[in-house]
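Enquirer: Residue numbers (the working numbering), protein chains in the order written: chain V, 1 to 115; chain P, 1001 to 1115. We put the CB at the ideal spot given by N, CA and C, even for glycine.
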């Protein structure tokens, strides 16, 4: 049973370009969470999605950031017109469909560098 | 809103010794989960130990144990017989028992095990 898969692991963009980060949850999981980790800081919640629905986006910046989790395929975190302050590690986590365990399973993260 | 505080940015200890990492939190909830996550240089987030607030017994996982003081809102992690592989960032985290499984993280403690 593969874990949470994130790609790309590393992404370099110039200011003004778009960044797309992908996350495939563990098999049997339909709850996906995105977190951002700035250098030397803890993880900060961004958004919680279920299939085709955004449940909680209270941690998402109001502009340039969007997330989706389509019926088929991975969850996508999209950052438009990137700026240097977007440089961070972005982690995806998933949890099971049934039986709340209080545990999230994390991917290895995608490190975005904005030049 | 919940907050998690880790007051020790860095700690170091000799191999085979015991070390305790501190964590305090603030919440008005009565039911919740508390976690310690380890983030080694690979940056993977690894669950070390989990505590359910309604359980009075402190959680243990091999060399890792917690001291959960609900009234004091304190949740410290003790690592016994420390090993070089324990070198990592350690994050304390909080999750409500109800609602979405959103984690609130502390700022982390960088632990170095000295050979």
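Does the region 1074–1081 of chain P come close enough to the region 1055–1066 of chain P to have 3 or more Cβ pairs within less than 8 Å?
Expert: yes
Enquirer: Could you name the residues that DSSP lists as bridge partners for residue 1038 of chain P?
Expert: P:1046 and P:1090
Enquirer: Of all the options P:1037, P:1015, P:1040 and P:1022, which has the alpha carbon lying nearest to the alpha carbon of residue 1072 of chain P?
Expert: It is P:1022 whose Cα lies nearest to the Cα of residue 1072 of chain P.
Enquirer: Counting C-beta neighbours from all protein chains within 10 Å, is the total for residue 36 of chain V 16 or more, i.e. buried, or is it exposed?
Expert: Its Cβ being crowded by 16 or more others within 10 Å, residue 36 of chain V is buried.
Enquirer: What do you reckon, are the CB atoms on residue 112 of chain V and residue 93 of chain V nearer than 8 Å?
Expert: no
Enquirer: In the DSSP assignment, what are the bridge partners of residue 1025 of chain P?
Expert: P:1004
Enquirer: Grouping DSSP H, G and I as helix and E and B as strand, with all else coil, what is residue 84 of chain V?
Expert: helix
Enquirer: In angstroms, rounded to a whole number, what distance separates the CA positions of residue 1095 of chain P and residue 1003 of chain P?
Expert: Each residue's alpha carbon lies about 11 Å from the other.
Enquirer: Pull up the distance between the alpha-carbon of residue 19 of chain V and that of residue 40 of chain V, whole angstroms please.
Expert: Roughly 22 Å separates the two Cα atoms.
Enquirer: Is residue 1084 of chain P helix, strand or coil when you go by DSSP?
Expert: helix
Enquirer: Would you verify that the beta carbon of residue 19 of chain V is, or is not, closer than 8 Å to some beta carbon of chain P?
Expert: no
Enquirer: Which bits of chain V does residue 1043 of chain P rub up against, with CB to CB less than 9 Å?
Expert: 37, 89, 91, 108, 109 and 111
Enquirer: What residues in the region 1034–1059 of chain P bring their beta carbon closer than 9 Å to a beta carbon of chain V?
Expert: So the close ones are 1035, 1037, 1039, 1042, 1043, 1044, 1045, 1046, 1047, 1050 and 1052.
Enquirer: Quick one: residues in its chain with C-beta nearer than 6 Å to the C-beta of residue 38 of chain V, no 5 flanking neighbours on either side, listed in chain order?
Expert: 88
Enquirer: Are residue 106 of chain V and residue 4 of chain V touching if we call contact CB-CB under 8 Å?
Expert: Yes, they are a contact pair.
Enquirer: Flag this pair as yes or no: are the beta carbons of residue 34 of chain V and residue 77 of chain V separated by less than 8 Å?
Expert: yes
Enquirer: Check whether chain V comes within 8 Å of residue 1107 of chain P, counting only Cβ atoms and requiring the distance to be less than that.
Expert: yes
Enquirer: Are the beta-carbon atoms belonging to residue 1031 of chain P and residue 1053 of chain P less than 8 Å from one another?
Expert: With contacts defined by Cβ atoms closer than 8 Å, residue 1031 of chain P and residue 1053 of chain P form a contacting pair.
Enquirer: What does residue 69 of chain V pair with, by DSSP beta-bridge criteria?
Expert: When beta bridges are read from the DSSP output, residue 69 of chain V appears opposite no residue.
Enquirer: What is the residue span of the beta strand (DSSP E) that residue 1012 of chain P lies within?
Expert: 1010–1014
Enquirer: Assuming residue 1098 of chain P is part of the beta strand (DSSP E), what are its boundary residues?
Expert: Taken as a continuous stretch (DSSP letters only), residue 1098 of chain P belongs to no beta strand (DSSP E), as it is neither H nor E.
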